[in-house]
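Novice: The structure's right below; bear with me while I get my questions together.
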Amino acid sequence: MRVRNLIAAGLSAAMILSLALTAGAAEGGAGQGQGGQGGQGGPQAPVVYELKAGAAVRDITPTEENGMLPIDAVGRTTAEGVIDPLHTRVIAMNDGENTALIVSNETGKGPYGPLFAQELSDHTGVPVENIFYTATHAHATPEITQEIDMSYITFDESDAEVTNLQKWGRLVYDQLMEAADEAIANMEPVTMGIGYSDSYVNVNRNAKYTNPDGTYYWSQGYGFDGFSDKTLAAIRFSSVETGEPVAFIVNYAVHGVIMYANKVLDGKTGISSDIGGYVCNALESQNEGAVAMFLMGAAGDQNPLFGNEFFTPSIETGEKETTTQGSLEVLDWMGKLLYFDTVEAVKNIETETGNIDLGFEYGTTTIPAVDGSDYEMALQVMRIGDVALVGFPGEMFNEIGVTAIEASPMENTLWVNLVWTQPGQQTGYHSTDVITVEGGQGQNKKYKPGYIQDAITELTRDLVSSSLY
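Residue numbering for the sequence shown follows the working numbering, starting at 1 and increasing by one per position.
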C-alpha cells in the first residue's frame, strides 16, 4: 500500500460532514445560551448513509455471426476475427440522495463519449455529471472517436452504405442501456473497501535511442529509469445480505497494447480485450455473479513490460528496431501477473463500510497554448466515501497524474484516464515537459511546457476538496 500523508487522509466524507454538523450544533447551542434560550437539545446525531450498488455486464463483440467483421480497429488496423470477447460493464450506486454510474467499455476510446454519456443520462435519469464513462483502451478493438449524433447508429438495416463500425456502435449503445438498467435494478445495500498492491507489469515507454551522429532521441521502448508508478488499487463492493462480492474495480496505469496489430488468426488481426479484460475475466470467473471493471490509470506513457511488439536498439546503429512476437503467450503471461497482483490488493482490503456518501465535481483549467490562445483541460471527480476517482478525458502521462493525486486531500485518490463525457474535451496525449520539448511517444505540441503539472495538480486538489462538502 502506498501511504500518502495528506490532510484529511484518514477521514471519510461522511465523518467530515458529521464533524462539521456537530461543530455547527455546538456553536448554535452556545449562542442560544448567551441569549437565554439554551438547553434546547444537544449535538446533532452523525449523518448515516446506506450505500447501495448493483452491477451488470454485456457482450459488445463484433463477430462474423452478427455481421460486423471485418471492422476498423485502433491504430489504423483491421480486425478480421475474434480472440476473446469484448464487454461493457456498469456499476450503479445510490447513497439515498444521489445515483451514480461508472461505465467501462472494452474499446480503444468511447464510443464517442459526449453522445453516449448524454444518451445514458437521458435513458436512466442519472445526471451526466454523475456518470463516469470510460474505456479500457484495449488496442485490438474498435473505437468511435469522431463526433457523431444518433443518426450514426439509427440507420436503416437495408442501407448498403452502412459500415460495420456503425453496426457495432448500435450494438454498444443497446447493450450499454441494458446493462445500466440491470445494474440500477440490482442495487442492494453494500459495503465497500479499498486495498493496494504493487505491480511491476508496466514500464515507462519513452526510451532514448542514438542517432548515427551520436545525438539521442526519444521513441517508444523501455524507459526503465523513467517515471512509472507501480501502485495497483482494488475496490470491492460486497453484499450486506450475503457477504459475497457484487463488483470489483481495478485501477492500474498500463496501456492495453499486448494484442495491438496481432497476427494470431493465421496472420490476421483478432479482436481482444487485452490485459485489462484478462484481469476482469479472471476475477469474474473466480467470483461467481460479481462484475469486475478495469479503470486505466495515468497510463499515457506506460506500456506493459512485454507485448506484441518488442523495441530494441540496433546493434549496428543504436537506432530503434521493432519486432513482433507471440501475442497470446505474452497476454497469458502478463495477464496472470496482473491478476495475482490484483488478488493481493483485494486481500489487503482491511475494512469495509456501507456508511458511504457520493460526491461529484467538474472543473476546467487553462494553460498557455503554443498558438497564443488558452489550452483548456477538464477533470471530473466522483467521490465514493473515502475514495476519490479523478477522471481525465485524454491520456495523461504517469508523472503528471500521480503527482496530482498525491496532492489530494484524500489518501485514497485514484487517477482514471479517458473519462470522456463532454463535447470539446481534450482526448489526446498530455505529455510531461521533457517529452513536450524533446519529442517522443505521445508528445503534445499544442501547449507550452512548464505549466501543465501545476495546473492539473491545483485543479485536482480543488475539485476533490469541493467534493467533500
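In this text, a Cβ means the ideal position worked out from N, Cα and C, and glycines have one as well.
Please read these numbers as outputs of a predicted model, since none were measured by experiment.
Within 10 Å of its beta-carbon, does residue 307 have 16 or more other beta-carbons around it, so buried, or fewer, so exposed?
Specialist: Counting from one through the sequence shown, the residue named residue 307 turns up at place 307. Buried, because 16 or more other Cβ atoms sit within 10 Å of the Cβ of residue 307.
Novice: Locate the beta strand (DSSP E) running through residue 299, then write down its first and last residues.
Specialist: Reading the sequence shown from its first residue, position 299 is the one you call residue 299. From DSSP, residue 299 is part of no beta strand (DSSP E); its letter is neither H nor E.
Novice: So, is residue 205 buried or exposed, given that buried needs 16 or more other C-beta atoms within 10 angstroms?
Specialist: For the purposes of this step, residue 205 is identified with residue 205 of the sequence shown, where counting begins at 1. Classification of residue 205: buried, given that the 10 Å Cβ count is 16 or more.
Novice: Going by C-alpha distance, which of 65, 51, 387, 62 is nearest residue 184?
Specialist: Here residue 184 refers to the residue found at position 184 of the sequence shown. For the residues 65, 51, 387, 62, the minimum Cα distance to residue 184 belongs to 51.
Novice: From the DSSP output, in three-state form, read off residue 74 for me.
Specialist: Locating residue 74 in the sequence shown gives position 74, counting from the first residue. Residue 74: helix per DSSP, three-state reduction.
Novice: Helix, strand or coil: how does DSSP classify residue 23 here?
Specialist: Here residue 23 is taken as the residue at index 23 of the sequence shown, counted from 1. Because residue 23 carries a pLDDT of 36, less than 50, the predicted location of this residue cannot be relied on, and no value is offered for it.
Novice: Please classify residue 497 as buried or exposed, where buried requires at least 16 other C-beta atoms within 10 Å of its C-beta.
Specialist: Because the chain here runs from 1 to 469, residue 497 falls outside it and cannot be looked at.
Novice: What do you get for residue 134, buried or exposed, if any count of 16 or more other CB atoms within 10 angstroms of its CB means buried?
Specialist: Your numbering for residue 134 matches position 134 in the sequence shown. Flag for residue 134 reads buried.
Novice: Using DSSP's beta-bridge definition, name the partner residues of residue 392.
Specialist: Sequence index remark: in the sequence shown, residue 392 carries index 392 (1-based). Answer is 417, bridged to residue 392.
Novice: For the candidate residues 416, 393, 466, whose alpha-carbon lies nearest to that of residue 113?
Specialist: Working through the sequence shown from its first residue, we reach residue 113 at position 113. For the residues 416, 393, 466, the minimum Cα distance to residue 113 belongs to 393.
Novice: Taking just the CA atoms, how far does residue 457 sit from residue 411?
Specialist: The residue labelled residue 411 in the question sits at position 411 within the sequence shown. The residue labelled residue 457 in the question sits at position 457 within the sequence shown. Approximately 15 angstroms, taken between the alpha carbons.
Novice: Short of 6 angstroms in beta carbon distance, which residues of its chain neighbour residue 312, apart from the five on each side in sequence? Order them along the chain.
Specialist: Counted from its first residue, the sequence shown places residue 312 at position 312. So the qualifying residues of the chain are 321.
Novice: Exposed or buried, what is residue 125 when buried is set at 16 or more other beta-carbons lying within 10 Å of its beta-carbon?
Specialist: Working through the sequence shown from its first residue, we reach residue 125 at position 125. Exposed: under 16 other Cβ atoms inside 10 Å.
Novice: Rounded to whole angstroms, what's the CA-CA distance from residue 231 to residue 160? Just pull it up for me.
Specialist: Residue mapping note: residue 231 aligns to position 231 of the sequence shown, counting from 1. Residue mapping note: residue 160 aligns to position 160 of the sequence shown, counting from 1. Each residue's Cα considered, the two are about 49 angstroms apart.
Novice: Suppose the cutoff is 7 angstroms on Cβ atoms and the five residues either side in sequence are ignored; what does the same chain contact list for residue 30 look like?
Specialist: Translated into positions along the sequence shown, residue 30 becomes position 30. With a pLDDT of only 35 at residue 30, under 50, the local geometry of the prediction cannot be trusted, and the value read off the model is given with reservation. Once the five neighbours on either side are set aside, residue 30 has no close Cβ partner at all.
Novice: Which same chain residues, not among the five before or five after residue 111, have their C-beta less than 6 angstroms away from its C-beta?
Specialist: For the purposes of this step, residue 111 is identified with residue 111 of the sequence shown, where counting begins at 1. For residue 111, where only same-chain residues beyond five positions count, the Cβ hits under 6 angstroms are 144, 169, 172.
Novice: For the pair the segment 333-349 and the segment 296-306, tell me if three or more CB-CB distances fall below 8 angstroms.
Specialist: Taking 8 angstroms as the limit for Cβ pairs, the verdict is that the segment 296-306 does touch the segment 333-349.
Novice: State the DSSP-derived secondary structure class of residue 173, mapped to helix, strand or coil.
Specialist: In the sequence shown, the residue the question calls residue 173 occupies position 173. In the structure shown, residue 173 sits in a helix (DSSP, three-state: H, G or I).
Novice: Tell whether a beta-carbon distance below 8 angstroms holds between residue 71 and residue 88.
Specialist: As a working mapping, residue 71 is identified with position 71 in the sequence shown. As a working mapping, residue 88 is identified with position 88 in the sequence shown. Not a contact, by the Cβ cut-off of 8 angstroms.
Novice: What are the partner residues of residue 382, as DSSP defines its beta bridges?
Specialist: By one-based count along the sequence shown, residue 382 stands at place 382. In DSSP, residue 382 forms a bridge with 360, 389.
Novice: Based on DSSP bridge pairs, tell me the residues matched to residue 369.
Specialist: By 1-based counting over the sequence shown, the position of residue 369 is 369. Per DSSP, 447.
Novice: Can you tell which of 260, 290, 101 has the C-alpha that lies nearest to the C-alpha of residue 236?
Specialist: As a working mapping, residue 236 is identified with position 236 in the sequence shown. Per the Cα distances, 290.
Novice: Quick check on the DSSP output: what are the complete beta strand (DSSP E) runs of length 3 or more inside the segment 270-357, in order along the chain?
Specialist: Segments of the beta strand (DSSP E) lying fully in the segment 270-357: 291-296, 302-304, 309-313, 320-324.
Novice: Pair every Cβ in the segment 272-284 with every Cβ in the segment 249-261, then say whether three or more of these pairs are closer than 8 angstroms.
Specialist: Result yes; three or more Cβ-Cβ pairs closer than 8 angstroms.
Novice: Is the segment 439-455 in contact with the segment 206-218, if contact means three or more CB pairs nearer than 8 angstroms?
Specialist: These segments touch.
Novice: Just mark residue 158 as buried or exposed, buried being the case when its beta carbon has 16 or more other beta carbons within 10 Å.
Specialist: For the purposes of this step, residue 158 is identified with residue 158 of the sequence shown, where counting begins at 1. When all chains shown are included, residue 158 counts as exposed.
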